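Read top to bottom, the protein sequences are chains A and B. Residue numbers for the first sequence follow our numbering, so the first one is 243 and each next one is one higher. Residue numbers for the second sequence follow our numbering, so the first one is 212 and each next one is one higher. Shown next, in structure tokens, is the structure this report addresses.
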Amino acid sequence: MKKYLYIYKTKLMTDLQYTFDLLLGFVGYIIHIFIFLNLWQYIYSNPKELINGYSMSQMIWYVIITEILWTCLSGRAFSKDVSNDVKSGNIAYNINKPYNYVEYALFNHLGGATIRFILLTIIGLTIGFVFLNGFPPLGILQILAVLLSSFLATIISIFLIMSLSLISFFIEDASPFYWIYSKFILVVGTIFPIEFFPEVIKPFIKFSPIYAVSYGPAKLFVDFNMTDFISIMISQVAYLIISFIICHLIYKKGVKKLNVNGG
Amino acid sequence: MSVIKVKNLSKTFKVKLKEKGLKGSLKSLVKPKYKIIKAVKDISFEVEKGEMIAFIGPNGAGKSTSIKMMTGILFPDKGSIDILGLDPSKDRKKLAYEIGCVFGQKEQLWTHLTPYDNFKFFGAIYDIPNSIVEKKIKELNELFELDEFINTPVRNLSLGQRIRCEIVASLIHEPKVLFLDEPTIGLDPVVKENIRSLIKRMNKEYKTTVVLTSHDVGDIEKLCKRVIIVNKGQIVLDDTMENLKYHYLNKKIVEAKMNKEVNLDDEEGITILKDKGYNLKIEVDTKKKSVSDAIKLLNPDNIVDINITNIPLEDIISDIYKDGDE
Chain A
243 MKKYLYIYKT
253 KLMTDLQYTF
263 DLLLGFVGYI
273 IHIFIFLNLW
283 QYIYSNPKEL
293 INGYSMSQMI
303 WYVIITEILW
313 TCLSGRAFSK
323 DVSNDVKSGN
333 IAYNINKPYN
343 YVEYALFNHL
353 GGATIRFILL
363 TIIGLTIGFV
373 FLNGFPPLGI
383 LQILAVLLSS
393 FLATIISIFL
403 IMSLSLISFF
413 IEDASPFYWI
423 YSKFILVVGT
433 IFPIEFFPEV
443 IKPFIKFSPI
453 YAVSYGPAKL
463 FVDFNMTDFI
473 SIMISQVAYL
483 IISFIICHLI
493 YKKGVKKLNV
503 NGG
Chain B
212 MSVIKVKNLS
222 KTFKVKLKEK
232 GLKGSLKSLV
242 KPKYKIIKAV
252 KDISFEVEKG
262 EMIAFIGPNG
272 AGKSTSIKMM
282 TGILFPDKGS
292 IDILGLDPSK
302 DRKKLAYEIG
312 CVFGQKEQLW
322 THLTPYDNFK
332 FFGAIYDIPN
342 SIVEKKIKEL
352 NELFELDEFI
362 NTPVRNLSLG
372 QRIRCEIVAS
382 LIHEPKVLFL
392 DEPTIGLDPV
402 VKENIRSLIK
412 RMNKEYKTTV
422 VLTSHDVGDI
432 EKLCKRVIIV
442 NKGQIVLDDT
452 MENLKYHYLN
462 KKIVEAKMNK
472 EVNLDDEEGI
482 TILKDKGYNL
492 KIEVDTKKKS
502 VSDAIKLLNP
512 DNIVDINITN
522 IPLEDIISDI
532 YKDGDE
């Protein structure tokens, strides 16, 4: 474990040199938030009104949080890195190191995600505070619960994206899988809470990873209650185990059939 | 004591075949055809502790595949490998602690960090206590003369400096066997020489067993006492460097500048390599004709200038490569 923490630390060290470049990359995030800020302000004729149980400021906070989680992942770059590692044969040079590639990639990516998470949280909370006049009422313990849930969501996302990218071991191009996943998360997980979907679909979403990686932490932030917290934790722990196993299985199978060409 | 034992090692690859054009692409979609390529065929050899061997061959000969099997990256189809008592395909992680790899064409350092931070990183992933890493870095810093740039980010280093750091990074955990895959590729002659002497010094100091692949004959000649040549997946030669040269030493190259033309056609033991009237280049097989006899044939009175040399090792090796192709 110590060595993985060191990998995390090393990535943190590297990325800290580029904090300013990162900030420029967050322009997209800010634009998204402003779009939804205006959109929801337009839809809610009366800010006190509730739609599907959400007030206007809760809806906007929901998007602020889910967008933080999604943007700090930087999933597309991560998926591309892993796929490229497999396709270019670079993965070979990680295989003969005394660590597991999956864990290496996880902690390496977490290093970068941490910096993005901190910066995005500062930006997101500031925007929310200024335009929505204050934060949702959360105590210290509840904030910790949201952070824990966000942390688990990020790890699950990394495992899921890595699993999709590691399919490159078996097929030429795994990017369509990531594309479908990301659009799915964007439409079903980021913009609208589960409560907005028809009754028929709700159970499916609740049992899908979206509940664990996107809805969970955001829901806890905007409207914390113990029942939700417990069911979100159960879902997250279950998905953590499932995604961990799937990712390792794909990797194990893939490495066995690895062909490293040339050189 | 043998640290590397390779026995009857074989590896085949399945490569997808595609016929020409769009039609071929569609066809391969429905009914893919595969070609079996035998990359390594029944290779066996052993390497003793502290030995530096050259493992060479033309492109596509199977040397990299063999090295990748020895380091646990690829799984062999047949045969066995024993490195320091470990089987690379089963004890990959354990083996990782015992071996080091440098691939001249691949970067394993973090480019945005300094060499020092990189060495610390490698120390950590090999579970070496901090105090020992510091000591090791200091020691290797002196051996490889890194003082000047140990705190400069890797991305700002020259290729020669970077390769030195790559080698040091792979030595932090004191590997017993070091695999060097074209460590001097792309370097200028002075830096090459410098890297070679550093590798030599390291081998002497730590008794590290070195398996070197390179297309640079200089590397092989200066570093290795033994050479294994593979071609088309098979070992075509496994001998000491001295023997290799000795077998070919019975051939000499004579270059002469004459003031009169001579005709040496059909002379036994002499092969004309170049004949431009007054400038002549011949190969003399000393088993059949002595050099002095050859010079007599040229007539010493007519020689303006003469140069007698051994066949360059480069030619010897490419001859062996070609033999394997026939």
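We put the CB at the ideal spot given by N, CA and C, even for glycine. Treat the numbers as computed from the prediction; the structure is a model and nothing was measured.
Residue 497 (chain A) and residue 405 (chain A) have their C-alpha atoms some 13 Å from each other. Look at residue 323 (chain B): its C-beta is under 7 Å from a C-beta on chain A. Per DSSP, the unbroken alpha helix (DSSP H) holding residue 308 (chain A) starts and ends at 298 to 315. For residue 304 (chain B), the chain A residues whose Cβ falls inside 7 Å of its Cβ are 340, in order along the chain. Around the Cβ of residue 284 (chain A), a 10 Å sphere holds fewer than 16 other Cβ atoms; the residue is exposed. Selection A:247, A:320, A:255 evaluated against residue 408 (chain A) yields A:320 as nearest (Cα-Cα).
DSSP places residue 469 (chain B) within a strand segment (E or B) once states are collapsed to three. Secondary structure within the segment 261 to 319 of chain B: the beta strand (DSSP E) runs of 3 or more consecutive residues, fully enclosed, are 263 to 267, 289 to 294, 310 to 314 (chain order). At a cut-off of 7 Å between beta carbons, residue 332 (chain B) contacts chain A.
Within the DSSP secondary-structure output, residue 383 (chain B) pairs in no beta bridge. By the neighbour-count criterion, in which 16 or more other beta carbons inside 10 Å mark a residue as buried, residue 459 (chain A) falls on the buried side.
In the structure shown, the three-state DSSP call for residue 245 (chain B) is strand.
Identification of chain B residues near residue 396 (chain A) by a Cβ-Cβ cut-off of 7 Å yields none; the smallest Cβ-Cβ distance measures about 22 Å. With respect to residue 506 (chain B), residue 493 (chain B) sits apart: the two C-beta atoms are not nearer than 7 Å. With respect to chain B, the C-beta atom of residue 413 (chain A) has no partner C-beta closer than 7 Å.
Cβ-Cβ separation between residue 340 (chain A) and residue 307 (chain B): approximately 4 Å, consistent with a contact (criterion under 8 Å). For the pair residue 451 (chain A) and residue 304 (chain A), the CB atoms are not nearer than the 7 Å cut-off.
Within the segment 353 to 439 of chain B, the complete alpha helix (DSSP H) segments at least 4 residues long are 370 to 380, 400 to 417, 428 to 434, listed from N- to C-terminus. When only Cα atoms are considered, residue 413 (chain B) and residue 396 (chain B) end up about 19 Å apart. Under the three-state reduction of DSSP, residue 293 (chain A) is assigned to strand. If you check the CB distance, residue 263 (chain B) and residue 435 (chain B) come in under 7 Å. In the three-state scheme derived from DSSP, where H, G and I count as helix and E and B as strand, residue 387 (chain A) is classed as helix. Three or more Cβ pairs closer than 8 Å define a contact, and the segment 475 to 490 of chain A falls short of that threshold against the segment 261 to 277 of chain B. When the alpha-carbon of residue 398 (chain B) is set against those of B:519, B:373, B:385, B:388, the nearest one is in B:373.
Under the DSSP definition of a beta bridge, residue 496 (chain B) partners with B:462.
In this model, residue 504 (chain B) and residue 356 (chain B) are separated by some 52 Å (Cα to Cα). When 8 Å is used as the limit between beta carbons, residue 256 (chain A) is near these residues of chain B: 321, 323, 324, in chain order. For residue 437 (chain B), same chain residues with a beta-carbon under 6 Å away, outside a window of 5 residues either side, are 264, 451 in chain order. Chain-order list of chain A residues neighbouring residue 248 (chain B): empty, with the shortest C-beta distance near 10 Å, by a criterion of under 7 Å.
Excluding the 5 residues flanking it on each side, residue 326 (chain A) has same chain C-beta neighbours closer than 8 Å at 332, in chain order. Taking residue 481 (chain A) as reference, the option from A:310, A:467, A:419, A:396 with the minimal CA-CA separation is A:396. Take the alpha-carbon of residue 250 (chain B) and the one of residue 286 (chain B): they are about 12 Å apart. Any Cβ of chain B closer than 7 Å to the Cβ of residue 448 (chain A) would place that residue at the interface, and such an atom is absent. Closest in C-alpha terms to residue 410 (chain A), from the list A:329, A:356, A:358, A:342, comes A:329. Interface criterion not met: the Cβ of residue 495 (chain A) is under 7 Å from no Cβ in chain B.
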